[in-house]
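There are 2 protein chains.
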Amino acid sequence: MRDETRAREADACDRYVYDKYAYEPFAVTVDLAVLTLRAGALHVLLVERGQQPYAGRWALPGGFLLPEESAEAAARRELAEETGLADVGGLHLEQLRTYSEPGRDPRMRVVSVAFTALLPDPPEPTAGSDAARARWTPYDEAGPLAFDHGLILADARDRIAAKLEYTCLATACCPPEFTLGELRQVYEAVWGTPLDRPNFRRKVLATPGFVEPVPGAARLTGGRGKPAALYRAGPAGAPHPPLLRPSPEGRLA
Amino acid sequence: MRDETRAREADACDRYVYDKYAYEPFAVTVDLAVLTLRAGALHVLLVERGQQPYAGRWALPGGFLLPEESAEAAARRELAEETGLADVGGLHLEQLRTYSEPGRDPRMRVVSVAFTALLPDPPEPTAGSDAARARWTPYDEAGPLAFDHGLILADARDRIAAKLEYTCLATACCPPEFTLGELRQVYEAVWGTPLDRPNFRRKVLATPGFVEPVPGAARLTGGRGKPAALYRAGPAGAPHPPLLRPSPEGRLA
DNA sequence: CCAAAAGTGTTATAAGTACACCCATGA
DNA sequence: TCATGGGTGTACTTATAACACTTTTGG
């Protein structure tokens, strides 16, 4: 809190000061809400904290921005480190928002840029050099998290739920070849509501480029029933009209 | 760029280090894309830079976070300073995203949290203590802006355009009492497309709580034609079903 | 056989689109 | 009177929701 006056005078017109060390430094980090589907249920990747504050509590993975790295690059690097995935380049990674409340870390001023990702077929977390322990946790069993990570996680789910309505994002959560039943499970798990199977099928197939059939292939979804045809993700970005959630509730205000 | 190794080791499990000055400091700022409607056209509030870099170029208003201030609070403070508005508390202010590319400011590492706001009845900018010159500029005439502010401005318009579809945000851009023609102009200006007047009217009136009639009142919209009934913003946050843009194009991918 | 999941069909209602038409006002 | 914007009506098309029904597998 060294010189608030100078900060205000340096505003707008001469917006950035030249003395880099004139202010209390801000730490800038990224936090990741990495979601996936396991056995039809939404899961989130959590790491266990080894130190104070919040020692022993679970937290979202994350870390500092390196000096020459954008927040997006830092998030992608962290994602690769935590999941052990080799090719993290093509994965869907979306900036949620930035959390900057002064008291969110008791030790110092930390501004965190939050991202969310939706992964298919989750590999076990590496629990590598960084994290003491890392694990996939069912979304509903993610107890109180460290810092404001519970809020970030809830925001992530809201964002993903909203994007399922007007984008083809759901395929990001499926293996390369998937059945329409598996695709429907993504929607049902994220929205927390069952969908009408026939109508869902028609809606998806009626959207050009949402999915593409894999000729001849078939697979059983739950070990039972008729084998289902397989599809691959198509090139389309957004269905039109969108695939709206059943309940009028749950929409953002 | 003092100690990258430590930054990585301090990751995840001991996520935030204790030595506040161990790293190259990041400056954290807010940038504001303040939009409004003047004479049926979308305008944005710009300030003229007096110093290098980008001296003489127009830029979005913005400034540093104070040491004990969240990004939201800083944005609201800047908004009040730049517009001279007395009560900025109830205005719609939305976090867009955070811009963190290493080279976005040539002098030092600046991470900027961008916000957008939609104002009614724009007061002339104060051009107060901060800004050399500030003015409302038609969106289409906002030439090349300083830094990456052109990108931020485009993102702001995209966000506002999307939010008009599934929220009742448009009333934020109208005076306290407005005609349905004025409300429709908001959509047409932001979306850049004409709307069918009768259908728009029905859609708005059919949404409970979107607008409330002001009994007996009437006003001419463009100095011509039949006087139109006046409405006030209602309590509803979101129309259901949403008010979708006409063209399938322009949707985010 | 039954249970489970895929896949097809049908029907009723709701919503969106594209107009035609009349009304009230200022110039 | 004409141009302009407000307001109402209506026919057509599309989308949604809620089902019933058949098919193909495993147990």
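Here the protein sequences line up with chains U and S, keeping their order. Residue 244 in full-length UniProt numbering sits at position 244 of the first sequence, and the numbers go up by one each step. Residue 35 in full-length UniProt numbering sits at position 35 of the second sequence, and the numbers go up by one each step. Think of the CB as a built atom: it goes at the ideal place given N, C-alpha and C, for glycine as much as any other residue.
Within 10 Å of its beta-carbon, does residue i have 16 or more other beta-carbons around it, so buried, or fewer, so exposed?
i      : result
S:P241 : exposed
U:E182 : buried
U:L220 : exposed
U:R184 : buried
U:D196 : exposed
U:P246 : exposed
S:Q95  : buried
S:K226 : exposed
S:E124 : exposed
U:L118 : buried
S:D87  : exposed
U:S129 : Any reading at U:S129 must be qualified, since the residue scores a pLDDT of 49, below 50, and its modelled position is unreliable; no value is offered.
U:E212 : exposed
U:T193 : exposed
S:A206 : exposed
S:A27  : buried
U:P106 : exposed
S:A218 : exposed
U:E68  : exposed
S:E81  : buried
U:P239 : buried
S:R49  : buried
U:P25  : buried
Compute the beta-carbon to beta-carbon distance between residue i and residue j, rounded to the nearest angstrom, for a pair I have assumed lies under 8 Å.
i      : j      : result
U:T29  : U:G56  : Actually they do not touch by this definition, with Cβ atoms about 20 Å apart.
S:L42  : S:A189 : 5 Å
S:F147 : S:R109 : The pair is not a contact, with the Cβ atoms about 13 Å apart (cut-off 8 Å).
U:S70  : S:P102 : 6 Å
S:A233 : S:L180 : That belief does not hold up - the Cβ atoms of S:A233 and S:L180 are roughly 12 Å apart, past 8 Å.
U:C168 : U:A236 : 5 Å
U:L60  : U:L85  : Their Cβ separation, rounded to whole angstroms, is 17 Å, which puts U:L60 and U:L85 out of contact at 8 Å.
S:A170 : S:L45  : Between S:L45 and S:A170 the Cβ distance is about 19 Å, and since that is not below 8 Å, they are no contact.
S:L79  : S:V34  : 7 Å
S:E177 : S:V214 : 6 Å
U:R159 : U:T116 : 6 Å
U:Y187 : U:L164 : 6 Å
S:A142 : S:L153 : 6 Å
S:R76  : S:W136 : Not really, about 20 Å apart at Cβ, beyond 8 Å.
What does DSSP give as the partner residue(s) for residue i in the beta ladder?
i      : result
S:D31  : S:G62 and S:A114
U:P213 : U:Y231
U:T36  : U:H43 and U:L119
U:E48  : U:W58
U:R219 : U:A228
U:T98  : U:V113
In the DSSP assignment, the alpha helix (DSSP H) including residue i goes from what residue to what residue?
i      : result
S:G153 : Correcting the residue identity first, residue 153 of chain S is Leu in this sequence and not Gly. From DSSP, the alpha helix (DSSP H) with S:L153 extends over H149 to Y166.
U:R197 : R197 to A206
U:Y187 : L180 to W191
U:E72  : A71 to T83
Hey, could you find the ends of the beta strand (DSSP E) residue i is sitting in?
i      : result
U:G89  : Run containing U:G89: none; DSSP gives neither H nor E here.
S:L145 : No beta strand (DSSP E) holds S:L145; DSSP gives it neither H nor E.
S:T137 : R133 to P138
Compute every distance between the C-beta of residue i and the non-hydrogen atoms of the ligand GDP, then say whether any falls below 7 Å.
i     : result
U:V30 : The model on display carries no ligand, and the ligand GDP is accordingly not part of it.
- Message: Closer than 9 Å between beta carbons: that is the criterion. Which residues of the region 88-100 of chain U meet it against chain S?
- Response: Q95, L96, R97, T98, Y99 and S100
- Message: Any C-beta of chain S within less than 7 Å: which residues of the region 196-216 of chain U qualify?
- Response: none
- With 8 Å as the limit, tell me which residues of the region 41-67 of chain S have their beta carbon closer than that to any beta carbon of chain U; keep them in chain order. V47, E48, R49, G50, Q51, A59, P61, G62, G63, F64, L65, L66 and P67
- Message: Closer than 7 Å between beta carbons: that is the criterion. Which residues of the region 139-161 of chain S meet it against chain U?
- Response: none
- Can you give me, in chain order, the residues of the region 170-196 of chain S that have a beta carbon less than 9 Å from any beta carbon in chain U? none
- Taking only beta carbons into account, state which residues of the region 108-119 of chain U come closer than 8 Å to chain S, listed in chain order. M108, R109, V110, V111 and V113
- Along the region 69-80 of chain S, what residues have a CB closer than 8 Å to any CB found in chain U? E69, S70, A71, E72 and E78
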